[in-house]
Amino acid sequence: MNVTGSLMSPSRREFLRSSTLFFGAAAMASAMPVGMFAQQDDAAKLDELRKKISGPITVTKVAGSVSMLSGAGGNIGILTGSEGKLIVDSGVSTSSADVVKAIGQVDAQPLKYLVNTHWHFDHTDGNLPVHAAGATIVAHAKTRERLSTAQYMDLVKIHFPAAPAAALPTRTLTDAFTFYQGGEEILLQTVKPAHTDTDLFVHFHESDVIHTGDLFFNGTYPLIDYSTGGNINGYVDAMALLLTHAKDSTKIIPGHGPLASKANLATGHDVLAKIRDRVAAAKKSGKTLEETIASKPTADFDEKWGKGLIGPDAIVTLTYKTL
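If you're matching positions, the sequence shown starts at 30 in my numbering and goes up one per residue.
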């Protein structure tokens with residue numbers, strides 16, 4: 030692998046589809062102050078989330094040498110080539126056997142690299158078995174830092190244990206780097222705190238594909254994890270940066286949701302920016318969170334965007350709390 034850049038070794042029932050993805054549960058938990066798992070310990074909560082996320086694995090050809098795997102938590106990107114495979118994110122551990130099997134069926138080349146787009150459970154819980162299958166793990170330095178220690182996520186009221194040593198990234202970056210594999214120029218670009226403080230995206234230049242991680246939820250309001258540094262301004266800025274990397278022809282693999290286009294990403298950015306500006310104006314005028322929610326600043330977007338993991342009240346709450 031040829032590398033350039035910084036690379037180092039060591040009241041609200043509007044929350045829908047909570048049983049299908051980890052952050053559906055997160056949305057419900059944020060709606061209920063005592064948490065949806067109040068009578069369970071953290072290990073039981075995690076086991077329940079793994080079971081809810083596990084489902085049929087689907088691999089879809091995207092463009093060039095890149096495919097998308099869905100059904101294991103966050104969407105997984107797969108780059109194939111004569112030098113081996115690179116995948117983006119690992120899903121949850123309950124799906125790992127099926128994920129490794131599906132990746133192996135794409136072609137016979139070995140699994141070489143795993144890139145984590147951020148630290149969250151539904152994108153990194155499969156790190157250990159994917160590493161055991163041959164992958165070197167690459168991520169933002171903050172992802173390694175957060176996975177190395179226990180993390181508390183207020184949205185789900187869960188303390189996540191530290192990951193085992195073999196599941197940690199062994200190559201990290203703090204800005205960006207480019208490497209070359211199988212005839213592909215691959216950019217890994219970190220961003221300022223947005224969805225979390227550990228985010229990066231992956232741009233496959235020759236295939237004309239960008240994997241956004243959770244910097245884009247296609248067709249739904251996004252989750253902003255304020256417990257680990259996420260904030261609305263950073264999120265809007267990160268989406269704007271993604272747009273500068275995309276062409277009209279670029280295929281977008283979102284962290285959650287169906288395969289997307291630059292036009293989908295642009296619409297998502299504009300919707301979120303308008304919500305941010307409206308909530309900011311309400312907060313600046315002295316309105317409380319409750320008053321801001323009651324003013325329904327998302328009303329003209331809710332029919333399309335408010336039926337996913339994060340509902341209208343939740344996106345207003347996350348925006349208000351992180352401004």
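For every residue, glycine included, the Cβ atom is placed at its ideal position computed from N, Cα and C.
This one's a predicted model, so the numbers in the text were calculated from it and none came from an experiment.
Cα-Cα separation, residue i to residue j
i, j, result
"residue 173", "residue 144", "12 Å"
"residue 331", "residue 311", "18 Å"
"residue 180", "residue 190", "7 Å"
"residue 238", "residue 337", "24 Å"
"residue 81", "residue 287", "19 Å"
"residue 163", "residue 71", "30 Å"
"residue 224", "residue 315", "26 Å"
"residue 167", "residue 318", "39 Å"
"residue 30", "residue 148", "Note that residue 30 has pLDDT 37, beneath the 50 cutoff, so the model's placement of it is unreliable and no number is given."
"residue 305", "residue 266", "11 Å"
"residue 278", "residue 296", "16 Å"
"residue 175", "residue 199", "13 Å"
"residue 290", "residue 98", "17 Å"
"residue 119", "residue 146", "10 Å"
"residue 257", "residue 182", "7 Å"
"residue 323", "residue 252", "20 Å"
"residue 342", "residue 133", "42 Å"
"residue 131", "residue 141", "15 Å"
"residue 245", "residue 285", "7 Å"
"residue 77", "residue 165", "29 Å"
"residue 268", "residue 299", "9 Å"
"residue 209", "residue 75", "37 Å"
Sequence-distant residues of its chain with Cβ nearer than 8 Å to residue i (five each side left out)
i, result
"residue 85", "100"
"residue 138", "109, 110, 111, 112, 113, 114"
"residue 93", "213, 233, 235, 236, 237, 238"
"residue 177", "191, 192, 197"
"residue 350", "255, 318"
"residue 326", "304, 307, 308, 311, 345"
"residue 272", "291, 294, 295, 298"
Extent of the continuous beta strand (DSSP E) run through residue i
i, result
"residue 280", "280-285"
"residue 352", "From DSSP, residue 352 is part of no beta strand (DSSP E); its letter is neither H nor E."
"residue 107", "105-108"
"residue 185", "Counting along the chain, residue 185 falls outside any beta strand (DSSP E), and DSSP gives it neither H nor E."
C-beta contact flag for residue i and residue j at 8 Å
i, j, result
"residue 255", "residue 344", "no"
"residue 135", "residue 91", "no"
"residue 248", "residue 334", "yes"
"residue 151", "residue 106", "no"
"residue 264", "residue 294", "no"
Close beta carbons around residue i, own chain, < 6 Å, minus the five adjacent residues each side
i, result
"residue 125", "155, 158"
"residue 353", "There is no way to answer for residue 353, as the model of the chain reaches only from 30 to 352."
"residue 169", "219, 227, 229"
"residue 216", "207, 232"
"residue 79", "121, 123"
"residue 328", "none"
Residue of the options minimising C-alpha distance to residue i
i, options, result
"residue 194", "217, 214, 161", "161"
"residue 242", "270, 283, 271", "283"
"residue 222", "199, 210, 270", "270"
"residue 73", "187, 141, 117", "187"
"residue 117", "211, 76, 102, 240", "240"
"residue 95", "281, 327, 324, 328", "281"
"residue 274", "292, 75, 257", "292"
"residue 347", "276, 259, 268, 325", "259"
Cutoff 7 Å; reference residue i; Cβ partners in own chain excluding five residues on either side
i, result
"residue 352", "261, 308, 309, 312"
"residue 321", "308, 311, 312, 345, 349"
"residue 205", "34, 216, 217, 218, 219"
Endpoints, the alpha helix (DSSP H) within which residue i is located
i, result
"residue 264", "261-274"
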